[in-house]
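Number of protein chains: 2
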Amino acid sequence: MQVAIPLYPRYTALDAVGPYTVLAFAPGWTVTFVAEEAGPVTDDQGTLTLTATASYADMPRPDVIVVPGGLGTLDALSDTALTGWIRQAHEHTTWTTSVCSGSLLLGAAGLLKGVQATTHWALLDLLKEGGAVAVSQRVVKEGKIWTAAGVSAGIDMALTLLAQATDEETAQSVQLAIEYDPQPPFTAGSPDKAPEGTAERALRLLI
Amino acid sequence: MQVAIPLYPRYTALDAVGPYTVLAFAPGWTVTFVAEEAGPVTDDQGTLTLTATASYADMPRPDVIVVPGGLGTLDALSDTALTGWIRQAHEHTTWTTSVCSGSLLLGAAGLLKGVQATTHWALLDLLKEGGAVAVSQRVVKEGKIWTAAGVSAGIDMALTLLAQATDEETAQSVQLAIEYDPQPPFTAGSPDKAPEGTAERALRLLI
């Protein structure tokens with residue numbers, strides 16, 4: 001299975017690397033980072049650079065795409081090389097997926113009109129404005145379009161996708177290989193559960 | 001706070017990028033990827049390349065080090081540039097930490113004699129052979145040496161560390177910013193919980 005993860009300026013690293021790690025560990029799966037041109041692309045903290053080893057033109061028909069979000073997503077909405085690639089790749093994908101604000105890019109590519117989708121909790125209204133049916137849920141599946149909530153949700157989505165594409169045993173083997181037995185020290189990972197005031201402080205980290 | 005994450009050939013991407021994302025989102029924290037020489041370093045799947053922006057010599061005294069594991073760890077045990085840097089940096093760190101098999105590198109640097117530590121579930125015996133007191137636990141803290149279990153455990157460790165270094169509110173804000181409200185689709189993330197046969201299949205993904 002060929003997976004492509006597009007990188008654009010100021011993506012969030014874990015959005016890309018969470019699903020990457022899950023899917024790249026799966027036997028027979030190859031994950032490629034792509035960009036408008038092959039080369040280094042820096043994340044939204046300015047301190048992590050991943051190499052895109054192929055251009056969009058090099059990978060017109062991946063089986064799966066995983067579009068990451070990031071603080072650069074809003075700028076990337078007008079990146080027609082990116083949204084054009086997403087639109088054209090989607091015609092042939094088995095799954096078209098996103099993590100976090102990456103779903104806004106699926107929307108900008110015209111894929112989410114009337115489609116149920118999710119995004120980072122802070123962006124659900126914006127997703128709705130783009131024509132999607134915004135759903136507050138960890139992973140939302142509608143047909144072949146699967147969207148995950150913020151950042152770390154891409155790990156859950158990728159395991160779910162792997163089980164669907166192969167079988168539960170394979171997904172469970174990868175889960176155990178990466179020892180994904182999460183034990184967060186706090187119950188603060190969603191706005192409904194986090195202590196009062198956490199959302200305001202979290203938002204300040206995201207601008 | 002200055003954090004350094006050393007990269008060596010065939011690290012596991014999520015070991016490095018999980019803690020990176022948590023700590024890089026924290027206000028006032030800077031995370032730098034380092035290597036023997038600055039430049040690109042490729043992971044253990046051969047398809048992800050991160051850029052080290054500094055050499056070990058450039059960062060002799062970070063406040064925190066996070067040593068990732070990976071399929072290349074065993075080869076790296078004899079990488080004296082790496083283990084020498086770990087040993088010297090440790091003299092001045094506030095915290096010396098590792099993820100997954102990264103603790104074997106702390107051991108090779110001579111830091112774990114009689115020290116409680118953890119690693120990937122498949123490597124606990126090997127960790128013990130190196131003189132550490134191997135503990136099967138998500139995050140193990142002994143003094144300033146903190147070690148995390150396999151791959152994804154680095155996220156839990158980094159949030160715990162951030163709370164200790166700053167305050168719970170800051171760690172919770174980052175947790176909410178990255179929407180770390182894990183919902184794994186299966187209960188298979190530790191050998192005790194995974195269905196029968198999963199461990200054998202997982203091990204085959206790790207060779």
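Heads up: the sequence lines are chains H and V, in that order.
First residue of the first sequence: 1, per full-length UniProt numbering; consecutive thereafter.
First residue of the second sequence: 1, per full-length UniProt numbering; consecutive thereafter.
By construction, the Cβ of each residue, glycine as well, lies at the ideal position given by its N, Cα and C atoms.
Closest by CA to residue 131 (chain H), which one among H:9, H:109, H:139? That would be H:109, whose Cα lies nearest to the Cα of residue 131 (chain H).
With DSSP collapsed to three states, give me the class of residue 198 (chain H).
Look at residue 198 (chain H) here: in three-state DSSP terms it is helix.
Q) Which chain H residues are close to residue 92 (chain V), counting only those with a beta carbon under 7 Å from its beta carbon? A) Per Cβ cutoff of 7 Å: no residues; residue 92 (chain V) is ~21 Å from chain H at best.
query = Around the Cβ of residue 101 (chain H), are there at least 16 other Cβ atoms within 10 angstroms (buried) or fewer (exposed)?
reply = Residue 101 (chain H) should be labelled buried.
Practice item. Going by CA-CA distance only, name the one from H:10, H:47, H:90 that's closest to residue 3 (chain H). Key: When each option's Cα is compared against that of residue 3 (chain H), the closest is H:90.
What are the boundary residues of the alpha helix (DSSP H) that includes residue 129 (chain H)?
-> Per DSSP, residue 129 (chain H) belongs to the alpha helix (DSSP H) from 124 to 129.
Hey, is residue 71 (chain H)'s beta-carbon within less than 8 Å of any beta-carbon in chain V? Residue 71 (chain H) does not count as touching chain V.
Unbroken beta strand (DSSP E) run spanning residue 39 (chain H), endpoints: First-last of the beta strand (DSSP E) with residue 39 (chain H): 39 to 42.
*Measuring only between beta-carbons, confirm whether residue 193 (chain V) sits less than 8 Å from chain B.*
The structure shown contains no chain B; its protein chains are H and V.
Point to revise | Any chain V beta carbon closer than 8 Å to residue 56 (chain H) | key: For residue 56 (chain H), the answer is no, since every Cβ of chain V falls outside 8 Å of its Cβ.
**Asked** Which residues, taken in chain order from the segment 76 to 92 of chain H, show a beta carbon closer than 8 Å to some beta carbon of chain V?
**Response** Per Cβ criterion, the list is empty.
With distance defined between alpha-carbon atoms, name the residue in H:136, H:193, H:158 nearest to residue 228 (chain H).
Residue 228 (chain H) cannot be examined here, being either before or after the span of chain H that is shown, 1 to 207.
Quick check: what's the CA-CA separation for residue 165 (chain V) versus residue 142 (chain V)? Distance between the alpha carbons of residue 165 (chain V) and residue 142 (chain V): 15 Å.
If residue 194 (chain V) sits next to residue 124 (chain H), beta carbons under 8 Å apart, how far is it from one beta carbon to the other, in whole angstroms? About 34 Å separates the two Cβ atoms, so there is no contact after all.
**Q.** Local conformation of residue 115 (chain V) per DSSP, three classes
**A.** Note: residue 115 (chain V) maps to coil in three-state DSSP.
### Beta-carbon proximity list for residue 203 (chain V), same chain, < 8 Å, skipping 5 on both sides
Cβ within range, chain order: 122.
- prompt: Taking C-beta to C-beta, are residue 120 (chain H) and residue 196 (chain V) nearer than 8 Å?
  reply: No, these two residues do not count as a Cβ contact at 8 Å.
The alpha helix (DSSP H) spanning residue 208 (chain H) covers which residue range? Any property of residue 208 (chain H) remains undetermined from this structure, which presents chain H solely from 1 to 207.
With DSSP as the reference, identify every bridge partner of residue 33 (chain H), one or two as the case may be.
Residue 33 (chain H) pairs with H:5.
- Message: For a cutoff of 8 Å on Cβ pairs, would you count residue 95 (chain H) as touching chain V?
- Response: So no, residue 95 (chain H) is outside the interface.
Exercise. With 8 Å as the limit, tell me which residues of the segment 140 to 158 of chain H have their beta carbon closer than that to any beta carbon of chain V; keep them in chain order.
Key: Per Cβ criterion, the list reads 149, 150, 151, 152, 153, 155, 156.
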